[in-house]
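Note that the sequence shown covers residues 889 to 1077 in this note's numbering.
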Amino acid sequence: MKLLLTILTVLSSFMANLEQKTLQSAFTVTVAEEVNAPMNYPGEIIMQGNKFHLEMMDIEAAYDGKTMYMYSGQTDELNLSNPTEQELLEANPFLYAKALVPVCNVTERTTQDGQQTIVTLTPKDQSIGINRFVLKVRNSDLMPLSVEIKEGKKTSTLKMKDPKFVPTNPEYIFVLKPSKNTYVNDMRF
């Protein structure tokens, strides 16, 4: 029982940090399948709770708590939508972890040097689509360091590079300004 309470405390504290503080980090997403070479996608994110501003490849995305903005420089297209809960979970692995807790067996272990905690969520019912979700957190400040999601033969890994909590509370809007010729696809209802 003590172990379960500790796990919930680590997860609860980590999630509380993300709700109250603004996380800023460069990152790399690596997607690997058993038969293909891994593909790496670098990017940058600023987030607090479910709000975020993300830049990855030629995509800029932002969510302000109501509207999702997604701009592609390659197509010069701006999509505006009111995302569903599922779409937000797919866009944010930390929100996904929070949603997984009730339907998973949760284990945690501290690394040998005691500096990190590894939280593993294993679904009780494998029909939810993933085999395992692993979150690595730095113990000193509950900073997220990496997330690994195993789905069948595919593994997606998000590695944070120099993550930090910043004192500002930015507005989650675009930094890039679409041109006057940008196609705007407004799917909000």
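Beta carbons: idealized from backbone N, C-alpha and C, even for Gly.
Which partner residues does residue i have in the DSSP bridge list?
{"i": "residue 1002", "result": "Answer is none; residue 1002 lacks a bridge partner."}
{"i": "residue 934", "result": "912, 941"}
{"i": "residue 965", "result": "960, 1071"}
{"i": "residue 1044", "result": "919, 1037"}
{"i": "residue 948", "result": "943, 959"}
{"i": "residue 898", "result": "None; residue 898 has no bridge partner."}
Taking buried to mean at least 16 other C-beta atoms within 10 Å of its own C-beta, is residue i buried or exposed?
{"i": "residue 980", "result": "buried"}
{"i": "residue 913", "result": "buried"}
{"i": "residue 998", "result": "exposed"}
{"i": "residue 991", "result": "exposed"}
{"i": "residue 1077", "result": "exposed"}
{"i": "residue 934", "result": "buried"}
{"i": "residue 959", "result": "buried"}
{"i": "residue 904", "result": "exposed"}
Return the CA-CA distance between residue i and residue j, expressed in angstroms with no decimal places.
{"i": "residue 1055", "j": "residue 1071", "result": "35 Å"}
{"i": "residue 909", "j": "residue 1073", "result": "32 Å"}
{"i": "residue 968", "j": "residue 1000", "result": "46 Å"}
{"i": "residue 1007", "j": "residue 925", "result": "27 Å"}
{"i": "residue 996", "j": "residue 966", "result": "41 Å"}
{"i": "residue 1051", "j": "residue 931", "result": "12 Å"}
{"i": "residue 1016", "j": "residue 1029", "result": "31 Å"}
{"i": "residue 1035", "j": "residue 1068", "result": "38 Å"}
Mind reading off the beta-carbon distance from residue i to residue j? Whole number of angstroms is fine, and I expect it under 8 Å.
{"i": "residue 983", "j": "residue 938", "result": "6 Å"}
{"i": "residue 1038", "j": "residue 1018", "result": "7 Å"}
{"i": "residue 1005", "j": "residue 898", "result": "6 Å"}
{"i": "residue 993", "j": "residue 1012", "result": "6 Å"}
Could you pull out every unbroken beta strand (DSSP E) segment of at least 3 residues lying fully inside the stretch 1003-1035, listed in chain order?
1004-1011, 1020-1026
Which ranges does the beta strand (DSSP E) cover as unbroken runs of at least 3 residues, wholly within the stretch 968-998, from first to last along the chain?
For the stretch 968-998, whole beta strand (DSSP E) runs of length 3 or above, ordered along the chain, are 992-998.
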